[in-house]
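Structure, as structure tokens:
Numbering (our numbering), first residue to last: 2 to 961.
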């Protein structure tokens, strides 16, 4: 999104740039046979609107800069800021103003001229096609098209000389114009229809009908409507499963939210130009061969279609989910976008403001029902995949695919968001002043991307052509015939070697790993809800009949089984590295990827578990499992590879994205892990040194960190730094922790004796341990005790007071401020009674303060009542709840009659009856510590009465 999408303050200044060309276009339109006067005016109005909006986005920065220059130099008459603003708008609406800018921005006049000329030419082409093709379009409208009444250009990006999709309304209805061949749409329509004719295949999926005009085409307009009832809703989600299977077989990609429209029971793919996408092995990442193997598997999987939920990682788009069945309401992050501040005055300037992401028409109901219908998605995927396999076995599939051979397909070699960012840079006033330097910067960025993205063009000539397109306001476009494979790029350039993409795609599909594909679908559907921390309700896993006896043997058996499962699922590299594919929680949300380095769900957590299991086995408190020592070595080597990659990048002065610094996702999590391993002697003698190197990066990362919470924000780095100060004997780390405490003090919001901290999703503050006031207060209390500064303790008490205000006596629990329809309170570590209780017991382990005793009693009661049966995980499941109840039992504050053996027996019975369960989909594989199998195994190890493993939930200082 650009300034043009946000402001229209300068559009009056731009009329002088477009009206002469529009006058010429008016004359050309008058000569088009069969085009009525009203139709000509509709084309002109749409062209004017499109041009003014587009040029506004490109030129707003220049105008703001010139406004301020005119103000400073006294060129603006007026007694106040508003009058001087009006005077500038008057000046800038004259052609002479723009002519005078030419010496300052030498390339600007030619750029504007090309944009205006290209878009006027594209409009003229549309008018000629409309006039010539009108008799052919009755089948798309359902009636004779009649007169063109309304038109809008720019439904999507522009390509190849200002060409863009247009939406039109005529007497006969609504239509879509595409400035490309729609033969691929026609072929897919026929392919889907043929599947529908096959015996036993019933599907609601649709492709719009089209009329192909060679280099342009027309498509029926598909209106969004919600499903009328549960039957239609189920049909829609079964259709999603069918599309996943079909697009996996056809090599589909880029099916984001705007390319899928929910039309009652039908998921309709309205833009299918990106079929038969070539799959190219990724370049080595530097994170190890195992990571590269995992990335390669994902790069050839159903995840690349674009239908499944996933979070953007690119600058400006981090955390945005624009997938075909993602973009869930309320889960899109606020996006920082350029905005004209103090508009209407001569003090106007460009700043960043936060805006909500747009809403698409891809959902069949107001509250998407993935949680209820994911079995339908999977069942339909399995059924359609089996049918396609039967067709392939008979030879019919290859024959049906040949209809696509002569169709033009588009290949997206770089994300559109990347082009948008570089385009903004190229149109910045500094770039306009020195066009050559701007081109060099853009070339360097695109070339660097090509070193990391195997499909991105690396040829300098192609990169230069891409830049030329961006200078003309277009998104570079790469296409090929499906049977050819050699991409035709901007300005007649070429990229990639020839390849029959139809045959290539068929062979890739035949070699796909179906269980992996199903697992990815399941995990992606889970991640859609993990992104908001929401877990759909399911039947409880809490056993009605608890089996007593043999607790230690049963505990060992369950822990050993999990370790074997983790070992079996590991992806191994020849270089000694290791990886797993799973839903991973990152600062941008949850997505399916090779797990990262953090403690929450990443390599650090598995390293900690492997070392703990080896330690407990050696002590006779766990059953031996072959491969655990090798697993620990592989995880440490993988962590070292990641740090070496970053060191090399920094030595080359490459600009890297600042890292999160939190205690569970970020630098703090890695510091704490290495300190624990060092304390156990399981790090090869390098643990403290590794922790120091990580801590040295915290000050710079903290300066860019917007999150304040424990899990990935500023508060999370405090406890690990305090532990490092103790382990190393160096006071500089205590000083560093105090700097973070000062930052939290600056950001605190004080109200009526309480303190809270704004987060992106919760601007009015949040309670709880992982994301809220209790966790921040806990970190500040630990800091106050380490440095002796009472101000930190005072602020911590204000944070605890905020949490106290959330206690609801009717609920017997603390309110969860997240917006849930059913629950008002939760009993988990991340949010609710488990984390709140553990924080206070950690700070007051002997219950010296009567308030702590009361709080623990309340937390234990709520946890026993509400905290069991959802899943077995550590973050928000039974094994997190176990830790709080275990502490409460030991301190005499558990619910009456509850003992340690009873709680453990209940958990073991549930594990035996259902298998270890980590989330909403019972058989989704999640290896990590906080929300996966790893945490279940770790807590089972800690459940031995003689065990002394540190608490992950309160980051026990290894030296305590």
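For every residue, glycine included, the Cβ atom is placed at its ideal position computed from N, Cα and C.
- Restricting attention to 867, 167, 91 and 909, the CA atom closest to the CA of residue 546 is found in 909.
- A distance below 8 angstroms between beta-carbons, with the five flanking residues on each side excluded, links residue 787 to the following residues of its chain, in chain order: 723, 726, 735 and 738.
- Cα atoms of residue 611 and residue 604: separation of roughly 10 angstroms, rounded to the nearest angstrom.
- Taking residue 629 as the centre and dropping the five residues before and after it, the same chain places the C-beta of 611, 614 and 615 closer than 6 angstroms to its C-beta, in chain order.
- Going by beta carbons, residue 710 and residue 768 fall outside the 8 angstroms limit.
- Residue 14 sits in a helix when the DSSP states are folded into three classes.
- Counting other Cβ atoms within 10 Å of its Cβ, residue 809 stays below 16 and is therefore classed as exposed.
- Residue 260 sits buried, since 16 or more C-beta atoms from the chains shown fall within 10 Å of its C-beta.
- When C-beta atoms of the stretch 92-111 are compared with those of the stretch 142-162, fewer than three pairs fall below 8 angstroms, so the two segments do not count as touching.
- C-alpha of residue 689 to C-alpha of residue 484: approximately 57 angstroms in a straight line.
- Assignment of residue 541 by DSSP, reduced to helix, strand and coil, places it in the coil class.
- DSSP lists no beta-bridge partner residue for residue 420.
- Residue pairing of residue 755 in beta bridges, as defined by DSSP: 752.
- Cβ-Cβ distances below 8 angstroms link residue 128 to 30, 33, 36, 40, 41 and 44 in the same chain, with the five nearest sequence neighbours on each side left out; the list follows chain order.
- In this structure, DSSP gives residue 346 a state outside helix and strand, which the three-state scheme calls coil.
- Annotation: residue 178 to residue 294 spans about 42 angstroms, alpha carbon to alpha carbon.
- Put simply, the backbone Cα of residue 326 is about 26 angstroms away from that of residue 219.
- In this structure, the beta-carbon distance from residue 202 to residue 225 does not fall below 8 angstroms.
- Only residues of its own chain outside the window of five on either side were considered, and among them 62, 63, 66 and 106 have a CB closer than 8 angstroms to the CB of residue 430, listed in chain order.
- Using a Cβ distance threshold of 8 angstroms, residue 743 and residue 667 do not count as a contacting pair.
- Straight-line measurement puts the Cα of residue 365 at about 24 angstroms from the Cα of residue 192.
- Residue 803 and residue 415 have their alpha carbons spaced roughly 46 angstroms apart.
- Assignment of residue 140 by DSSP, reduced to helix, strand and coil, places it in the helix class.
- For the 8 angstroms CB-CB criterion, residue 238 and residue 419 do not form a contact.
- With a cutoff of 8 angstroms on beta-carbon distance, residue 269 and residue 303 are scored as not near each other.
- If you draw a 10 Å sphere on the C-beta of residue 232, you find fewer than 16 other C-beta atoms in it, and that means exposed.
- Fully enclosed alpha helix (DSSP H) runs of no fewer than 4 residues occupy 82-93 and 96-102 of the stretch 45-111, in order along the chain.
- With fewer than 16 other CB atoms across the displayed protein chains lying within 10 angstroms of its CB, residue 898 is exposed.
- Its Cα nearest to that of residue 213, the residue 138 stands out among 683, 138 and 79.
- DSSP, read as helix, strand or coil, puts residue 814 in strand.
- In the three-state reduction of the DSSP assignment, residue 291 falls in the helix class.
- Annotated as proximal: residue 479 and residue 496, with beta-carbon spacing under 8 angstroms.
- For residue 479, there is no enclosing alpha helix (DSSP H), as DSSP marks it with neither H nor E.
- Relative to residue 349, the option among 11, 394 and 813 whose CA is nearest is 11.
- Looking at the DSSP output, residue 213 sits in a beta bridge with 218.
- In the DSSP annotation of this structure, the continuous segment of the beta strand (DSSP E) that includes residue 267 starts and ends at 267-270.
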